[in-house]
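Residue numbers (our numbering): -18 to 102.
Don't be surprised by glycine CBs; every beta carbon is placed ideally from N, CA and C.
Treat the numbers as computed from the prediction; the structure is a model and nothing was measured.
Everything below concerns the one structure shown next.
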Amino acid sequence: MDRCGDGVVVEVYPAAALRRWRLTHRGYKTPGRTADYGFLVEELTAAAPWLDLGGFDQLCRISHDAFDAVIAALAARAAALGKIRRPDPEQREAARTEGWIAVPTCELNDLVSATSPVGAA
């Protein structure tokens, strides 16, 4: 499998995506900091008002794993749209075997189109 981010599977790092989107990305996984997860959800939904966590909102407020899954899905959406940093020619060979972290190059609002419904590709 080619691991450089050109296929249907990409590797993501939620903290890198959060940093790119200028959201809190440090320290939220520290044991005993579950109170901060609610703040993260508020911060995310303020930055992406179109994002509807539905029945998973509460879970994201108490579990960093659930919150990370949402961020990973958003980063995967960026990859599907071709809006991630790609390896340059010098990095490409190593990325094929070592892997490449798909860091978004777009803003959160670029993940949805004004002309298509939320969730449409």
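Given a length threshold of 3 residues, the stretch 33 to 64 has no whole run of the beta strand (DSSP E) inside it.
In this structure, the alpha-carbon of Ala(-4) lies about 25 Å from that of Glu74.
The three-state reading of DSSP puts Pro85 in strand, counting E and B together. Following the DSSP letters along the chain, one finds Pro(-5) inside the alpha helix (DSSP H) bounded by residues Pro(-5) to Arg1. In the pairwise beta carbon analysis, the stretch 57 to 73 is classified as not touching the stretch 34 to 47: fewer than three pairs are separated by under 8 Å.
In this chain, the alpha helix (DSSP H) harbouring Ala76 covers Pro70 to Glu79.
The C-beta separation of Val84 from Arg66 comes to about 5 Å, placing the pair in contact by the 8 Å criterion. In terms of CA proximity to Ala27, Trp2 leads the group Arg77, Thr78, Phe37 and Trp2. A straight line joining the alpha-carbon of Leu4 with that of Pro70 spans about 30 Å.
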